[in-house]
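A quick write-up on the structure given underneath.
There are 2 protein chains.
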Amino acid sequence: MHTLLKSNTKEVVIGADRPFVMIGEKLNPTGLKKLGQALVEQNFDYVKQLAKRQVDWGADALDVNVGHPGIDEVAMMPKVVEAVLSVVDVPLCIDSGDPAILEAGLRCAPGKPLVNSVNGEEKQLAAVLPIVRERGAAVIALTIGEEGIPETAEGRLAAAGKIIERAATLGIPAEDIIVDPLVLTVGHNSNAATVTLKTIELVRKEYGVNISVGASNVSFGLPDRPSINSAFLALVMQAGATCSITDPVKLGSTVRAADLLLGKDSNSMRFLKYFRATEKLREQEAAAKA
Amino acid sequence: MHTLLKSNTKEVVIGADRPFVMIGEKLNPTGLKKLGQALVEQNFDYVKQLAKRQVDWGADALDVNVGHPGIDEVAMMPKVVEAVLSVVDVPLCIDSGDPAILEAGLRCAPGKPLVNSVNGEEKQLAAVLPIVRERGAAVIALTIGEEGIPETAEGRLAAAGKIIERAATLGIPAEDIIVDPLVLTVGHNSNAATVTLKTIELVRKEYGVNISVGASNVSFGLPDRPSINSAFLALVMQAGATCSITDPVKLGSTVRAADLLLGKDSNSMRFLKYFRATEKLREQEAAAKA
């Protein structure tokens, strides 16, 4: 099953028979104070820089979130989208829990964007799915039910199924649903990652839809997070995840390596091309710093 | 199924329900010129240093190989084993293609050592398995048949099966066979890793034996080898590999991270302990260098 995303001129195909798709996560003021400050000041140079850098490092699409205290998010979203599109042409993922902000982003996003996200709560389903349907977008479905995040893989499969089935009744096809099986930190619960891996397998088997996994929550609160995040990304890719909202600068080489190892990179072409491009970027960034 | 290795005072248990076992690979002059030179000069300080460093960085056992031009390997093996045992007490893996050298190593290795390796060629089976049986050792079984390394996972499963069955007729139980499904470089063949992953699954399912994978061949000839090797180790661990002859300094944190993610590290205890220990080692080694 293929999920198609589009910008003005580019198409990104997400699917199990395709290389893994990276959706850049950095355009999000949560955890990036400097971006929040720039938005408050209506200074979009930093937005442009973050957008360009992520695409340079291999992001196939970009997540856009403008949630920050003191910002009119409905007014801000189109401005950030415009700034992003002034420097890169990739599909966008409009990221908000608020339907009005999603609508504001979807109105100005070109092509076929992605919505981040809907979950299985009735209120959310009723608010978000019609917007997705109206715009002809794809949507990330978080495996959360009325009672929160189910502890078991079976519970998360049920939450995913509820969203997929509800979407179908509105005319949103399964290929436009990307399930996020969620991962909590292994620092709090040693089975946090195995539940996610099992959910991926169950959802793939039952619905065949695409799967997105965030690869940094898993290591929250632990030291040496890069080792955990890299290993986790390789594990979810093998289990059947097909895309991730992630930091391409930190995890791009792991993604390219795992694609190569999983037989999705004939003659190592993508791996080698990525290595050469990022080697050059590393030099340029070091020179710019010095 | 558990494979038990022993030194004078320590036991190492290899099994699917246990943390992944690292067998240090550095005591091998192939690719380590300085060690070859030290052996030629009968200088064992470097041997001791390599042995101690690998155990400090998390090696549960140590591979010992003395193959080098200009060395009487039968005479050298006991000297290296003695040097190793003077600084660490971990099970040893005696590594040679020559039965006389294996016997020399097995005579002086304490407890229950591992033999590296036997393959499925009749000549090798006849030469090596009786030595393993006589010493009560465990043995690594390379999935190589009379025609070399089979291209398919099914062919490698057959080679593994031949060794396991032949060993059984001599009274060597399956738990003392650790199958190495072999991996060629993905630089030459894009399916090299997927064949290995599939072999692991087939061998685990058919025989339930332990699986050892070398995690550095896979990236031979490619740049950014650490990214490939780390991702590959995570993938083989998920597929069912239970140990690896590897470099603990380079891959120890990936092993601890993957164990944690695969639910084999309750409360992150091993991961945290390893992080703290290696953080200290890193500081000490940097200070010693400066």
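Protein sequences appear in the order of chains A and B.
Here this note's numbering is used: the first residue of the first sequence is -10, the next is one more, and so on.
Here this note's numbering is used: the first residue of the second sequence is -10, the next is one more, and so on.
For each residue, glycine too, the CB sits at the ideal point set by N, CA and C.
**Prompt:** What are the boundary residues of the beta strand (DSSP E) that includes GLY13/B?
**Reply:** Here the question's residue 13/B lines up with position 24 in the second sequence. Run containing GLY13/B: 10 to 13, per the beta strand (DSSP E) assignment.
**Request:** Give the DSSP bridge partners of GLY137/A, in chain order.
**Result:** Position 148 of the first sequence, counting from 1, holds the residue named residue 137/A. GLY137/A pairs with GLY134/A.
**Request:** Taking C-beta pairs closer than 7 Å, name the residues in chain A that ALA163/B reaches, listed in chain order.
**Result:** One-based indexing of the second sequence puts residue 163/B at position 174. Correct list: empty, because the minimum Cβ distance to chain A is about 27 Å.
**Asked** Among residues of its own chain, excluding the 5 on either side of LEU270/B, which ones have a beta-carbon nearer than 8 Å to its beta-carbon?
**Response** Within the second sequence, residue 270/B is the residue found at index 281, counting from 1. The residues are ASP45 and TRP46.
**chain B contacts from the region 168 to 198 of chain A (Cβ-Cβ distance under 7 Å)** = VAL175, GLY176, SER179, ASN180, ALA182 and THR183
**Message:** Between ASP6/B and chain A, is any beta-carbon pair separated by less than 8 Å?
**Reply:** Along the second sequence, read from residue 1 onward, the residue named residue 6/B stands at position 17. No, because no Cβ of chain A sits closer than 8 Å to the Cβ of ASP6/B.
**Request:** Give, in chain order, every residue of the region 209 to 225 of chain A whose Cβ lies closer than 7 Å to some Cβ of chain B.
**Result:** LEU211, PRO212, ASP213, SER216, ILE217, SER219, ALA220, PHE221, ALA223 and LEU224
**Prompt:** Which one of ALA204/A, SER179/A and ALA148/A has the shortest CA to CA distance from LEU191/A?
**Reply:** The count along the first sequence starts at 1 and reaches residue 191/A at position 202. Looking at the Cα atoms, ALA148/A is the closest of the given residues.
**Prompt:** What do you reckon, are the CB atoms on VAL198/A and ALA142/A nearer than 8 Å?
**Reply:** Here residue 198/A refers to the residue found at position 209 of the first sequence. Here residue 142/A refers to the residue found at position 153 of the first sequence. Contact flag unset, no.
**Reference GLY59/A; option with closest CA among LEU28/A, SER219/A, THR243/A and SER257/A** = Within the first sequence, numbered from 1, the residue matching residue 59/A stands at position 70. Comparing Cα positions, the closest option is LEU28/A.
**Request:** Say whether chain B places a C-beta atom closer than 8 Å to the C-beta of SER201/A.
**Result:** For the purposes of this step, residue 201/A is identified with residue 212 of the first sequence, where counting begins at 1. No, SER201/A does not count as interfacial toward chain B.
**Asked** Is ASP61/B helix, strand or coil by DSSP?
**Response** Sequence index remark: in the second sequence, residue 61/B carries index 72 (1-based). Here ASP61/B sits in coil by DSSP.
**Asked** For THR174/A, which of helix, strand or coil comes out of DSSP?
**Response** Within the first sequence, numbered from 1, the residue matching residue 174/A stands at position 185. In the structure shown, THR174/A sits in coil (DSSP, three-state: anything other than H, G, I, E or B).
**Touching by the beta-carbon criterion (3+ pairs, under 8 Å), the region 222 to 234 of chain B and the region 94 to 101 of chain B** = no
**Prompt:** With 8 Å set as the bound, which would you pick, yes or no: does the beta-carbon of GLN273/A sit closer than that to a beta-carbon of chain B?
**Reply:** Working through the first sequence from its first residue, we reach residue 273/A at position 284. Judged by the 8 Å Cβ criterion, GLN273/A is not in contact with chain B.
**Request:** Measure from the alpha carbon of GLN113/B to the alpha carbon of each residue in ALA130/B, ALA98/B and PRO99/B, then state which is nearest.
**Result:** Within the second sequence, residue 113/B is the residue found at index 124, counting from 1. Comparing Cα-Cα distances from GLN113/B to each of ALA130/B, ALA98/B and PRO99/B, the minimum goes to ALA130/B.
**Item:** Inter-residue spacing [alpha-carbon to alpha-carbon] between VAL207/A and ILE12/A
**Value:** On the first sequence, residue 207/A is found 218 positions in, with the first residue counted as 1. On the first sequence, residue 12/A is found 23 positions in, with the first residue counted as 1. So the alpha carbons of these two residues sit roughly 18 Å apart.
**Message:** For ALA156/B and LEU118/B, I'd like the C-alpha separation in whole angstroms.
**Reply:** Position 167 of the second sequence, counted from the start, is the residue given in the question as residue 156/B. Position 129 of the second sequence, counted from the start, is the residue given in the question as residue 118/B. Cα to Cα, the separation comes out at about 7 Å.
**Asked** What does PHE264/B touch in chain A if you count any residue whose Cβ is under 7 Å from its own?
**Response** Taking the second sequence and counting its residues from 1, one reaches residue 264/B at position 275. The contacting residues are PRO212 and ASP213.
**Prompt:** Who are the Cβ neighbours of ARG110/B in its own chain at under 8 Å, not counting the five residues just before and after it?
**Reply:** For the purposes of this step, residue 110/B is taken as the residue at position 121 of the second sequence. Strictly speaking, residue 110/B in this sequence is Glu, with Arg absent from that position. Closer than 8 Å at Cβ, skipping near neighbours: ILE133, GLY134 and GLU135.
**Request:** Report the three-state DSSP secondary structure of GLU110/B (helix, strand or coil).
**Result:** As a working mapping, residue 110/B is identified with position 121 in the second sequence. Correct three-state label for GLU110/B: coil.
**Request:** Using a Cβ cut-off of 8 Å (strictly closer), state whether LEU250/A contacts chain B.
**Result:** Within the first sequence, numbered from 1, the residue matching residue 250/A stands at position 261. Answer yes: the Cβ-Cβ gap between LEU250/A and chain B drops below 8 Å somewhere.
**Request:** Going by DSSP, name the residue or residues bridged to ILE234/A.
**Result:** Position 245 of the first sequence holds residue 234/A. Answer by DSSP bridge pairing, in chain order: ILE12/A.
**Request:** Sort out for me which residues DSSP pairs SER219/B with in a bridge.
**Result:** The residue labelled residue 219/B in the question sits at position 230 within the second sequence. SER219/B pairs with nothing; no bridge assigned.
**Asked** Does any C-beta atom of chain A lie closer than 8 Å to the C-beta of THR141/B?
**Response** Stepping through the second sequence from its first residue, residue 141/B is reached at position 152. So, not an interface residue.
**chain A within 8 Å of ALA247/B, Cβ atoms only** = As a position in the second sequence, residue 247/B is number 258, starting the count at 1. Answer yes: the Cβ-Cβ gap between ALA247/B and chain A drops below 8 Å somewhere.
**Prompt:** Taking Cβ to Cβ, would you say ALA50/A is nearer than 8 Å to VAL76/A?
**Reply:** Taking the first residue of the first sequence as position 1, residue 50/A is located at position 61. Taking the first residue of the first sequence as position 1, residue 76/A is located at position 87. No. Outside cutoff.
**Item:** Sequence-distant residues of the same chain with beta carbon closer than 7 Å to GLY160/B, five excluded per side
**Value:** Mapped onto the second sequence, residue 160/B falls at position 171. So the list reads ARG122, once near-sequence residues are dropped.
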